[in-house]
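For reference, the structure discussed in these notes is given below.
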Amino acid sequence: MSAHSTPSLLSERKGFSTALVSHLAKLGLHTLQDLILHLPIRYLDETRITAIRDLRMGDEAQVQGEIVHAEVSYKPRKALIARIQDESGQLTLRFLHFYPSQINTLKEGAKLRVYGEVRHGFFGYEMVHPQCKKWREDAPVNTQLTPVYPTTAGLPQANIRKAVMLALEQNILFETLPAWVYAAHQMPSFSDSIRTLHQPAPHVSLEALQARTLPAWRRLALDELLAQQLSMRKHYAKRRSLDAPSVAESMKLVPALLQHLAFQLTNAQKKVVTEIANDLSQPHPMQRLLQGDVGSGKTIVACVAALQAIEHGWQVALMAPTEILAEQHFKKFTQWLVPLNIHIAWLTGSQSKKERAEALNSIADGTAQMVVGTHALFQDAVQFKRLGLAIVDEQHRFGVQQRLALRQKGQPEP
423 MSAHSTPSLL SERKGFSTAL VSHLAKLGLH TLQDLILHLP IRYLDETRIT
473 AIRDLRMGDE AQVQGEIVHA EVSYKPRKAL IARIQDESGQ LTLRFLHFYP
523 SQINTLKEGA KLRVYGEVRH GFFGYEMVHP QCKKWREDAP VNTQLTPVYP
573 TTAGLPQANI RKAVMLALEQ NILFETLPAW VYAAHQMPSF SDSIRTLHQP
623 APHVSLEALQ ARTLPAWRRL ALDELLAQQL SMRKHYAKRR SLDAPSVAES
673 MKLVPALLQH LAFQLTNAQK KVVTEIANDL SQPHPMQRLL QGDVGSGKTI
723 VACVAALQAI EHGWQVALMA PTEILAEQHF KKFTQWLVPL NIHIAWLTGS
773 QSKKERAEAL NSIADGTAQM VVGTHALFQD AVQFKRLGLA IVDEQHRFGV
823 QQRLALRQKG QPEP
């Protein structure tokens, strides 16, 4: 699908009713492109009929026959129970949740095709909540596997399959890679891959589809990884084009901190400290993920980075997702930094009006060299005099826009 193609809204296309568009929107599907990329989660093999006597425990199979008995049972719980018979035997069909229309469908004498998983029951094999559809003697079986899609309440599989087919008929698929690239890796084209997954040909292996080892799945995985890498490279290039203060190595505060610590940094911590110091010395913004187990010493590494910025006149913001975690950080940084005559401000949503006003003033006039807080740091009232470094703990618990809001509070070097 071309990266330059204009998204086609489902609401503007023929065949998509208002109700259908509304249901698809609940799945995040708003355009033809969205719908085409809404891939099956599994497949049903309705291409053959299995004799009841040949059923095996755990199999998903399709049988056809006549309903010879049907009743609503109330013990041990309410259930609609029917028995279907073919020339080789009988099979119990059990429905624990059912509608009046299903009672009519499963009445004695009805000829049905039934698809479901074979289980052990009270009276031999049974299927619980199988798919049922009326069957005529001359009705052919499906010639290809049936896709099953992620769906939502009120949107039957038949409807979403029809919607996907309508989207495919619009012929909006474009190749995303040069032919020599996917040919070299023995992969199909993008268009062929999409159509194979939505409409698998009769010869396509069900096992390969389910296990996602089919070349079509591999091709889409390649596209997804490539798109992710291109997005990251684009973001990297954009970030490198932005200006940021170049912060030199700390010659006073960091050595003073390390001298008074009750422990020594590990080799891994020293390595990361050096890398971060190098990042801070660059004229473009740093974006670094510091990952480690609980107790591995991430906080002291963050503290060293903060001191490098503070020593050169920049403010530091440390944001945590909860007030409890923010308070833990505040106490720890107070223990380390106050002996170095560094002023730390504390900002959360539960502060008194007076405490908050004092904190905001110290942040705005630069008295607060470091600020520890929660989501309160995002608020418009929080104005830094010279924010140079933002540290976010458990950054996955904050939205992208929230993190950007904090970064935008940084000011260019005067």
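With the numbering used here applied, the sequence shown covers 423 to 836. Backbone N, C-alpha and C define an ideal beta-carbon position, used for all residues, glycine too.
Worksheet item: Taking just the CA atoms, how far does GLU816 sit from HIS452?
Response: Translated into positions along the sequence shown, residue 452 becomes position 30. Translated into positions along the sequence shown, residue 816 becomes position 394. Their backbone Cα atoms lie some 32 Å apart in a straight line.
Discussion item. Whole angstroms are fine: how far does the CA of VAL563 sit from the CA of ILE525?
Written reply: For the purposes of this step, residue 525 is identified with residue 103 of the sequence shown, where counting begins at 1. For the purposes of this step, residue 563 is identified with residue 141 of the sequence shown, where counting begins at 1. Cα-Cα distance, rounded: 25 Å.
Practice prompt. Express the C-alpha separation of TYR496 and PRO522 in angstroms, rounding to a whole number.
Written response: Walking along the sequence shown from the start, residue 522 turns up at place 100. Walking along the sequence shown from the start, residue 496 turns up at place 74. So the alpha carbons of these two residues sit roughly 15 Å apart.
Discussion item. Need the endpoints of the beta strand (DSSP E) that GLN484 sits in, please.
Written reply: Residue mapping note: residue 484 aligns to position 62 of the sequence shown, counting from 1. Run containing GLN484: 482–495, per the beta strand (DSSP E) assignment.
Fill in: Bounding residues of the beta strand (DSSP E) (the contiguous stretch that carries LEU515)
Position 93 of the sequence shown, counting from 1, holds the residue named residue 515. Run containing LEU515: 511–517, per the beta strand (DSSP E) assignment.
Worksheet item: Is TYR658 helix, strand or coil when you go by DSSP?
Response: As a position in the sequence shown, residue 658 is number 236, starting the count at 1. In this structure, TYR658 counts as helix in the three-state DSSP scheme.
Worksheet item: If you draw a straight line from the C-alpha of PRO743 to the C-alpha of GLN801, how long is it?
Response: Translated into positions along the sequence shown, residue 743 becomes position 321. Translated into positions along the sequence shown, residue 801 becomes position 379. Answer to the nearest angstrom: the Cα atoms are 14 Å apart.
Fill in: Option in PRO572, ALA690, LEU515, ASP476 with minimal Cα separation from ASP456
Residue numbering aside, residue 456 sits at position 34 when the sequence shown is read from its first letter. Among PRO572, ALA690, LEU515, ASP476, the Cα nearest to that of ASP456 is on PRO572.
Discussion item. Rounded to whole angstroms, what is the Cα-Cα separation between LEU702 and ALA790?
Written reply: Counted from its first residue, the sequence shown places residue 702 at position 280. Counted from its first residue, the sequence shown places residue 790 at position 368. In a straight line, the C-alpha of LEU702 is about 20 Å away from that of ALA790.
Worksheet item: Between which two residues does the beta strand (DSSP E) carrying THR568 extend?
Response: Residue 568 sits at position 146 when you count from the first residue of the sequence shown. Note, THR568: beta strand (DSSP E), 568–570.
Worksheet item: Between the beta-carbon of LEU679 and the beta-carbon of VAL726, is there less than 9 Å?
Response: The count along the sequence shown starts at 1 and reaches residue 679 at position 257. The count along the sequence shown starts at 1 and reaches residue 726 at position 304. Taking 9 Å as the Cβ cut-off, LEU679 and VAL726 qualify as a contacting pair.
Worksheet item: Taking just the CA atoms, how far does HIS706 sit from LEU628?
Response: The residue given as residue 628 occupies position 206 in the sequence shown. The residue given as residue 706 occupies position 284 in the sequence shown. Distance between the alpha carbons of LEU628 and HIS706: 51 Å.
Worksheet item: Taking the Cβ atom as the reference point for each residue, do LEU759 and ALA728 lie within a distance shorter than 9 Å?
Response: Working through the sequence shown from its first residue, we reach residue 759 at position 337. Working through the sequence shown from its first residue, we reach residue 728 at position 306. Yes, Cβ-Cβ distance for LEU759 and ALA728 is below 9 Å.
Worksheet item: Taking Cβ to Cβ, would you say THR598 is nearer than 9 Å to ASP645?
Response: Here the question's residue 598 lines up with position 176 in the sequence shown. Here the question's residue 645 lines up with position 223 in the sequence shown. Yes, they are a contact pair.
Item to complete: Express the C-alpha separation of LEU588 and LEU769 in angstroms, rounding to a whole number.
Response: Numbered from its first residue, the sequence shown carries residue 769 at position 347. Numbered from its first residue, the sequence shown carries residue 588 at position 166. Their Cα atoms are separated by approximately 54 Å.
Discussion item. Let me check understanding here. Comparing Cα to Cα, which of ALA731, LYS692, GLY719, GLY717 lies closest to MET708?
Written reply: Numbered from 1 along the sequence shown, position 286 holds the residue referred to as residue 708. Looking at the Cα atoms, ALA731 is the closest of the given residues.
Item to complete: With distances taken Cα to Cα, identify the nearest neighbour of LEU518 among ALA501, ARG505, MET609, LYS529.
Response: To locate residue 518, count along the sequence shown from 1; it is residue 96. Of the candidates ALA501, ARG505, MET609, LYS529, the one whose C-alpha sits nearest the C-alpha of LEU518 is ALA501.
Item to complete: Under 8 Å Cβ to Cβ from MET479, same chain only, skipping five residues before and after it: list those, please.
Response: Position 57 of the sequence shown, counted from the first residue, corresponds to residue 479. Counting only Cβ-Cβ distances below 8 Å, and skipping sequence neighbours, we find VAL540, ARG541, HIS542, TYR547.
Worksheet entry | Distance CB(GLY531)-CB(GLU482) smaller than 9 Å | Translated into the one-based positions of the sequence shown, residue 531 becomes position 109. Translated into the one-based positions of the sequence shown, residue 482 becomes position 60. No, they are not a contact pair.
Worksheet entry | Extent of the continuous alpha helix (DSSP H) to which ALA803 belongs | The residue given as residue 803 occupies position 381 in the sequence shown. Element bounds for ALA803: n/a, residue is neither H nor E.
Worksheet item: Bridge partners of THR453, per DSSP?
Response: Position 31 of the sequence shown, counting from 1, holds the residue named residue 453. Answer is LEU431.
Discussion item. For THR469 and ILE813, what's the separation of their Cα atoms in angstroms?
Written reply: As a first step, residue 469 is located in the sequence shown; it is residue number 47 there, counting from the start. As a first step, residue 813 is located in the sequence shown; it is residue number 391 there, counting from the start. Whole-angstrom Cα-Cα distance: 57 Å.
Worksheet item: When the Cα atoms are used, what is the spatial distance from VAL738 to ALA649?
Response: To locate residue 738, count along the sequence shown from 1; it is residue 316. To locate residue 649, count along the sequence shown from 1; it is residue 227. Roughly 34 Å separates the two Cα atoms.
Worksheet entry | Spatial neighbours of ALA798 in its chain, beta-carbon cut-off 6 Å, leaving aside the 5 residues before and after | Taking the sequence shown and counting its residues from 1, one reaches residue 798 at position 376. Contacts found: LEU769, THR770, GLY771.
Discussion item. Short of 7 Å in beta carbon distance, which residues of its chain neighbour SER433, apart from the five on each side in sequence? Order them along the chain.
Written reply: Here residue 433 corresponds to residue number 11 of the sequence shown, with the count starting at 1. Closer than 7 Å at Cβ, skipping near neighbours: VAL443.
Item to complete: Grab the span of the alpha helix (DSSP H) containing VAL443 for me, first residue to last.
Response: For this step, residue 443 is matched to residue 21 along the sequence shown. 440–448 is the extent of the alpha helix (DSSP H) around VAL443.
Worksheet entry | Per-residue DSSP class, three states only, for ASN532 | For this step, residue 532 is matched to residue 110 along the sequence shown. Looking at the sequence shown, residue 532 is not Asn but Ala. Reduced to three states, the DSSP call for ALA532 is coil.
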